[in-house]
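In this text, residue positions in the sequence shown follow full-length UniProt numbering: the first is 1, and each later residue adds one.
Glycine included, each C-beta is placed from N, C-alpha and C at the ideal position.
Below is one structure; the comments refer to it alone.
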Amino acid sequence: MTKHLEIINLSFLLEHERETILGVLKRDEYLKKVEDKRIRKLKNELLEVRRKGGNRHSQQDNSRVCVRCQKSLGFIFGRGEPCQSCKVRVCGACRVPGAEGSWKCPVCAKI
1 MTKHLEIINL SFLLEHERET ILGVLKRDEY LKKVEDKRIR KLKNELLEVR
51 RKGGNRHSQQ DNSRVCVRCQ KSLGFIFGRG EPCQSCKVRV CGACRVPGAE
101 GSWKCPVCAK I
């Protein structure tokens, strides 16, 4: 058992009540670890997106470049669209489909 479970005095409870409470506490601890791991993974993915090109577009006209992958965008075809959440222009390959035909950029889709 972890230190959190050792602090709680459950001696006044019946055995099955104690087991139920300890089971819930263990499950809570497990879910917290899973959530922490998921958050770390998301942070790493967002850092990777930024590293790949999120800040390098400053040398170019950023309205003609996909903010996420740095692909050049066209003037008539393949010109990209602004993300519906953050309003940055992204190419078709960087769009993440959502419900009812909507989409978001990869960063907003992870939030």
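Unbroken alpha helix (DSSP H) run spanning residue i, endpoints
i, result
"residue 73", "Premise fails: residue 73 is in no alpha helix (DSSP H) and is neither H nor E."
"residue 26", "15-49"
"residue 88", "Careful: residue 88 lies outside any alpha helix (DSSP H) and carries neither H nor E."
"residue 108", "106-110"
Length of the line joining the Cα atoms of residue i and residue j
i, j, result
"residue 67", "residue 17", "55 angstroms"
"residue 89", "residue 42", "22 angstroms"
"residue 40", "residue 50", "15 angstroms"
"residue 37", "residue 76", "43 angstroms"
"residue 72", "residue 96", "19 angstroms"
"residue 106", "residue 23", "37 angstroms"
"residue 101", "residue 48", "27 angstroms"
"residue 34", "residue 44", "15 angstroms"
"residue 91", "residue 108", "14 angstroms"
"residue 58", "residue 65", "In this prediction, residue 58 has a pLDDT of 47, which is less than 50 and means its spatial position is unreliable; nothing more can be read from the coordinates."
Which of helix, strand or coil DSSP assigns to residue i
i, result
"residue 95", "coil"
"residue 67", "coil"
"residue 56", "Confidence at residue 56 is low in this model, with a pLDDT of 48, below 50, so the placement of that residue should be treated as unreliable; the coordinate-derived value is given next. Helix at residue 56."
heavy atom of the ligand SAM below 7 angstroms from residue i C-beta
i, result
"residue 79", "Ligands in the displayed structure: none, and consequently the ligand SAM is not present."
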